[in-house]
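Note that my numbering has the sequence shown beginning at 91, numbered continuously upward. In this text, a Cβ means the ideal position worked out from N, Cα and C, and glycines have one as well. These figures come from a predicted structure and were not determined experimentally.
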Amino acid sequence: MCGILGAIGSKVDEVQFTSILARMEHRGPDGFGVWKKEEDGIIFGHRRLSIIDLSDGGKQPFEKGKYVLNFNGEIYNYLELRKELQLKGHQFSTESDTEVLLASYVEWGEECLQKFNGMWAFAIFNREDKTIFFSRDRFGKKPLFYYQENEKFVFGSEMKAITPFMREVKPNLNFQWMVENHFIYEATDKCLVEGIKRFPAGYFGRYSLESKKLTLTKYWDTLDNLVDVPKSYNQQVEEFRELFIDACKIRMRSDVPIGTALSGGLDSSAVICTMAHIAKNLKGEKTAKDWQHAYVACFPGSFLDEKPHAVKVVNHLGVDANYLPIDPVEGLDKLSDYLYSFEEIDATSPIPMSKIYNAIKKDGVRVSIDGHGVDEAFSGYGHSVFETFLDTMNPSKIKNTLDTYRDLHPKGLGTVDSDSNFKLYLNYLLKRKKTVGRNLIKGTPLLGNFIKDGPIDKLGNFNYNLYLLFHQSILPTLLRNYERYAMMNSVEIRMPFMDHRLISYAFSLPWESKLKNGYTKYIIRDALQDFMPKDIVWRKQKIGLQTPILEYLKGPWNEYFSDVINSQEFEQSDLVDGQKAKAVLEKVNNGSGDYLDAKNLWMLVIPHLWKKSFLDRV
C-alpha cells in the first residue's frame with residue numbers, strides 16, 4: 091500500500107530526505123510523512139496509498155508510546171486481531187490495520203508475525219532500547235532493501251530511494267550471473283546494485299543503533315507448517331473451498347474500489363468468480379461493495395490472445411470489463427521510464443502488465459485482487475510430471491500425468507513439441523521403471539542428502555519440486571514483477587492463492603489431488619466449479635499473459651532493437667555481448683529464429699537498457 095524509507099547515521103537533512111522519498115511517490119500518491127529523532131540520528135519516511143481508514147488517523151510514520159512504526163502492506167485479518175487485542179485491554183484511536191499491527195507487536199512481540207495474515211515490510215523503532223525491529227512477509231510479496239556502510243544504515247521499498255545515500259552506485263559484481271539466473275537471484279540477498287541487499291522473505295531482524303549490527307532470524311518455513319489433510323479427496327475439496335473463500339473474503343476488505351486483472355485462465359477467473367459468490371452470499375461482512383471491475387489484456391490476431399475466454403467469465407458474472415488491446419509500438423517510447431520504475435531485469439516486456447494496472451489506476455480502482463501464485467503450488471506448468479513417477483513407481487498411473495503435460499503445451503508457442511516430448515518421456519520412464527525412484531535419488535549426490543528427514547522425505551518428489559519453484563526460482567521473481575507493475579501505477583495487488591494457510595495446505599496434499607484425469611490444479615477446479623463457467627473450469631491449455639515477443643521483434647519492435655544493438659554505446663557496453671546479440675537478431679530477421687531466440691535476444695539487450703534507464707539515472 092505504500093513506500094517506506096529510513097536512514098540511521100546519515101548526514102541528510104529533512105528537506106533532502108523528503109526529496110529522496112518523493113522518488114517513490116508512485117507507491118504513495120496520497121501523501122507522505124516524515125519522523126525524525128535527531129539525537130539518535132534516525133529518520134523515517136512514508137509515502138501513503140490510502141486503502142484502509144482513509145482519514146489522517148492512518149497516516150505514517152505511526153507513533154504510539156515508545157514505538158514508531160513505518161509500514162508497507164496490509165494485514166488482512168486486522169479486524170479479528172483488533173477484537174482479540176481489545177479483550178486484552180488495548181484501546182484504538184483509528185480504524186487502520188497499521189495501529190493493529192503495532193498493538194500486536196506490543197502484545198506478542200515477534201510472535202505477532204505468526205498471527206498476521208497479510209503482506210508486509212515494516213520497521214518498528216523502540217525509543218527506549220534504541221533498536222529497530224524489521225520484518226518481511228512469509229513469501230516476500232512486499233519488497234524491502236537495505237544498505238550498510240560503517241555507521242550508516244538505510245532501508246527502503248525501492249533501490250532508487252537508497253542509492254542517494256551511497257558513495258558509489260555500480261552494477262553488482264555478480265551482475266552477469268544474475269542475468270544468466272534471472273529467475274533465481276530474487277530468492278537471494280543479491281541485488282543488481284552493488285552494496286544493496288534484499289531483506290529475506292519469512293525473516294525478522296533487529297538493528298541496534300549502539301552496536302550498528304543487523305541480526306536476522308527466520309520465522310517461517312513452509313516445511314515446518316505442513317498440516318494434516320483428510321485422506322478423503324472429497325473432504326480435501328471441501329476444506330480447500332472454505333480456505334479459499336475466506337482468503338478472498340478478507341482480501342476484499344477495502345475502503346476504496348477493487349478490481350481484477352483477468353486473463354480468462356483458471357486462476358484469475360477463480361478469484362473474480364469467488365468474489366462474486368462472496369458478495370452474493372456473505373452478507374454483513376466488511377467487504378468492498380465496489381468490486382465489479384475486470385481488466386483484460388488483448389493481443390488481437392495472436393495465438394496468445396485470451397479475450398474470448400475472459401468474455402465468457404465476464405458474461406457469466408455480469409460485471410464491467412475493460413478490454414485493453416496491447417499496441418506493440420505503444421509503450422516503446424516509455425520503456426526507459428518503465429525500467430526506471432521497475433528497477434530489475436526480467437525475461438519479458440513490462441509493457442502489457444503496466445498497461446493493465448495503469449488502466450486500473452485511471453478508473454479510480456486502488457486494489458487489484460489477482461490469481462497469482464497458483465502454478466507453483468499446484469503444478470500448473472506440468473513441470474513435476476516426472477516426479478510423480480518417482481513417487482508412485484507405477485507406469486500405468488504416470489500416463490495420466492504425461493497426458494496432462496502434453497495437453498498443457500499448445501502447439502504454436504514454439505517452445506516444445508508436445509507429441510514428441512510425450513513419447514520421449516513415456517519411453518524413458520518405461521525403460522527405467524525398475525531402477526528409477528528413491529534408489530536412483532539416493533545415488534545422486536545432489537539430492538541424496540534430502541532423503542532422510544529432509545524436504546523430499548516430508549514432501550515427496552512431486553511437492554519438493556514445486557517447493558523449489560515456489561520458494562527459490564520462479565515464484566519469487568513473479569511476485570516481484572507483479573508487485574512492481576502494480577505499484578508503479580499506484581495500485582495495490584492482493585493474491586488470495588498466496589494466503590499462507592492455503593500454501594501450507596497445498597504442500598500437504600498428495601500429488602494425486604493436483605494432477606488428475608489429465609488436468610493440473612484439479613482440486614481447485616473441483617472446489618470452485620460451482621462458481622465458474624464450466625468451459626473455463628475444464629479448459630486444459632494454459633497460455634497466461636505473455637508478450638508475443640517473436641512476432642513483435644520480427645515486426646514493430648525490429649527497428650527499435652536494431653538501433654539499440656547497432657549503437658556505439660551498446661557495442662562498448664561491458665554488460666552485454668554485442669556480437670552475440672547481432673547474431674541472434676540476424677537469425678530472427680532471416681526467419682530462422684524461434685520464440686526462444688526472441689526471448690534470448692531480449693535478455694541480451696535488457697542489461698544495457700537497464701543500465702541506461704535505471705543505473706545512470708539514480
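Each residue's CA atom was taken as its position, placing Arg-343 and Trp-601 some 33 Å apart. Only residues of its own chain outside the window of five on either side were considered, and among them Gly-96, Trp-125, Pro-151, Asn-160 have a CB closer than 6 Å to the CB of Phe-134, listed in chain order.
Classified as exposed, Trp-267 has fewer than 16 neighbouring CB atoms from the shown chains inside 10 Å of its CB. In this chain, the alpha helix (DSSP H) harbouring Met-577 covers 564-577. Phe-152 has Leu-159 as its beta-bridge partners, per DSSP. Between the alpha carbons of Leu-565 and Phe-704 lies a distance of about 24 Å.
For Asp-427 and Met-578, the gap between their C-alpha atoms comes out near 10 Å. Rounded to the nearest whole angstrom, the C-alpha separation of Lys-127 and Arg-217 is 9 Å. In the DSSP assignment, the residues bridged to Lys-280 are Lys-287. Burial check for Asp-380: the Cβ neighbour count within 10 Å stays below 16, so the residue is exposed. Selection Leu-643, Leu-618, Leu-175 evaluated against Phe-330 yields Leu-618 as nearest (Cα-Cα). Contact annotation: Ala-688 and Ile-639 have beta-carbon atoms nearer than 7 Å. Bounds of the beta strand (DSSP E) holding Thr-350 are 348-351. Annotated three-state conformation of Asp-481 is helix, per DSSP.
In the structure shown, Asp-143 falls within a coil segment according to DSSP collapsed to helix, strand and coil.
DSSP places Gln-619 outside any beta strand (DSSP E), giving it a letter other than H or E.
Within the same chain, Cβ atoms closer than 6 Å to the Cβ of Asp-357 are found at Gly-461, Val-464, the five residues on either side in sequence being excluded. Restricting attention to Tyr-297, Tyr-557, Val-457, Leu-139, the CA atom closest to the CA of Pro-119 is found in Leu-139.
For Asn-324 and Arg-615, the gap between their C-alpha atoms comes out near 12 Å. Straight-line measurement puts the Cα of Lys-260 at about 35 Å from the Cα of Lys-149. By the C-beta criterion, the stretch 665-676 is judged not to be in contact with the stretch 620-631, since fewer than 3 inter-stretch pairs fall below 8 Å. Taking a contact to require three or more Cβ pairs closer than 8 Å, the stretch 640-651 and the stretch 681-698 qualify as touching. The three-state secondary structure of His-180, taken from DSSP, is coil. For the pair Ser-594 and Leu-333, the Cα-to-Cα distance works out to about 11 Å.
Taking one beta carbon from each stretch, the stretch 247-263 and the stretch 282-291 have 3 or more pairs nearer than 8 Å; the two touch. In this structure, the beta-carbon distance from Ile-348 to Ala-387 does not fall below 7 Å.
Inter-residue distance for Glu-164 and Thr-305 is about 25 Å (C-alpha atoms, whole angstroms). Note on geometry: alpha-carbon atoms of Glu-104 and Val-404 lie some 49 Å from one another. Contact annotation: Gly-93 and Arg-137 have beta-carbon atoms nearer than 7 Å. With respect to the C-alpha of Ile-441, the residue from Gly-131, Thr-637, Glu-241 having the closest C-alpha is Thr-637. Per DSSP, Met-209 is one residue of the beta strand (DSSP E) stretching across 208-216. Between Asn-412 and Glu-477, the C-beta spacing is not below 7 Å.
In the DSSP assignment, Arg-138 is bridged to Cys-92, Pro-119.
Bounds of any beta strand (DSSP E) do not take in His-272, whose DSSP letter is neither H nor E. Tyr-166 sits close to Asn-207, with the two beta carbons spaced by under 7 Å. The Cβ atoms of Tyr-385 and Ile-450 sit closer than 7 Å to each other.
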